[in-house]
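K.L.:
Note that our numbering has the sequence shown beginning at 735, numbered continuously upward.
My questions will all concern the structure given below.
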Amino acid sequence: MADSDIQLLWQSDLMLAVNKPAGLSTQAPAGIDSLESRLHRQLARPDGYLSFPHRLDRFVSGVILVALTKKAARLLSAQFASRKTHKQYLAVVEGRYKAGETDPQQWDDFIRKMDALPRAEVCAETAAGAKLASTIVKTVSVDSAEDTSRLELNPITGRMHQLRLQTASRGHPIVGDTTYGAAEQHTDRILLHAHRLQFHDPSNGRLIEIESPCPF
């Protein structure tokens with residue numbers, strides 16, 4: 735994808751909130767385009783420091799936080815670890831998913847990373863490496879003509895590929911997500927977007943909510 739400036743959604747002396755484009759890795763080895771390398775060039779900070787207290791998959795777009803000091807990185811990472819942040823995603827999935835149209839529902843699964851593969855799988859609670867994955871789900875709309883549904887996904891936990899795996903395991907893979915069984919799409923993205931993020935400003939503790947408009 736073309737190298738271009740990253741959109742800043744919010745900023746303070748300690749941190750930024752930016753809009754990550756789909757198809758761009760959060761971090762990558764030296765010489766490979768990434769959100770990190772673009773921000774280093776764009777910000778040209780004298781100390782060169784920036785850190786990510788959380789990440790988004792390469793194919794996913796939306797809000798991501800960037801710490802500009804070690805203190806901010808530590809405080810923000812602690813918020814994610816203690817689940818004091820609130821993340822909301824929007825996704826378009828294959829098929830008509832009507833559960834959650836009236837009242838949100840909660841998905842609870844045990845999942846684990848697959849050995850030597852960049853993907854995860856649903857497993858038994860007693861399986862080696864099993865971790866609980868929980869997500870609050872609401873159906874926003876159903877498109878019968880396209881045979882797709884738009885879902886609002888609010889993850890409680892933060893497991894590898896959690897939202898991608900939980901939708902696919904229920905027979906509704908995210909559009910474009912061929913890793914988890916979706917039909918082939920000629921695009922560099924899947925239809926999953928980090929739409930809204932709440933966190934506490936590390937400089938004063940104030941609750942901040944950042945929103946990134948959904949591009950699909």
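Every residue, glycine too, gets a C-beta built ideally from N, C-alpha and C.
Check for me: the beta strand (DSSP E) holding Thr901 runs from which residue to which?
P.N.:
Where Thr901 is concerned, there is no enclosing beta strand (DSSP E), although the alpha helix (DSSP H) it sits in stretches over Gln896 to Ser903.
K.L.:
So what does Thr836 bridge to, in DSSP terms?
P.N.:
Partner(s): none; Thr836 has no beta bridge.
K.L.:
For the beta strand (DSSP E) that contains Ala850, what are its first and last residues?
P.N.:
Premise fails: Ala850 is in no beta strand (DSSP E) and is neither H nor E.
K.L.:
For the beta strand (DSSP E) containing Ala825, name the first residue and the last one.
P.N.:
His820 to Glu828
K.L.:
On the DSSP letters alone, give me the boundaries of the beta strand (DSSP E) that Ser746 sits inside.
P.N.:
Where Ser746 is concerned, there is no enclosing beta strand (DSSP E), given that its DSSP letter is neither H nor E.
K.L.:
Compare the C-alpha of Ser768 against each of Ala756, Ala778 and Gln900 and name the closest.
P.N.:
Ala756
K.L.:
Please classify Gln776: does DSSP put it in a helix, a strand, or coil?
P.N.:
Of the three classes helix, strand and coil, the one that applies to Gln776 here is helix, per DSSP.
K.L.:
Would you call Leu826 buried or exposed, if buried means 16 or more other Cβ atoms sit within 10 Å of its Cβ?
P.N.:
Checking the sequence shown, residue 826 turns out to be Val, not Leu. By the neighbour-count rule (16 or more Cβ atoms within 10 Å), Val826 is buried.
K.L.:
Using a Cβ distance threshold of 8 Å, determine whether the segment 806-822 contacts the segment 930-942, with at least three qualifying pairs required.
P.N.:
yes
K.L.:
Check each candidate in Ile798, Ile845 and Thr891 and name the one with the smallest Cα separation from Gly863.
P.N.:
Nearest C-alpha to Gly863: Ile845.
K.L.:
Give me the Cα-Cα distance between Glu943 and Ala861, rounded to the nearest whole angstrom.
P.N.:
37 Å
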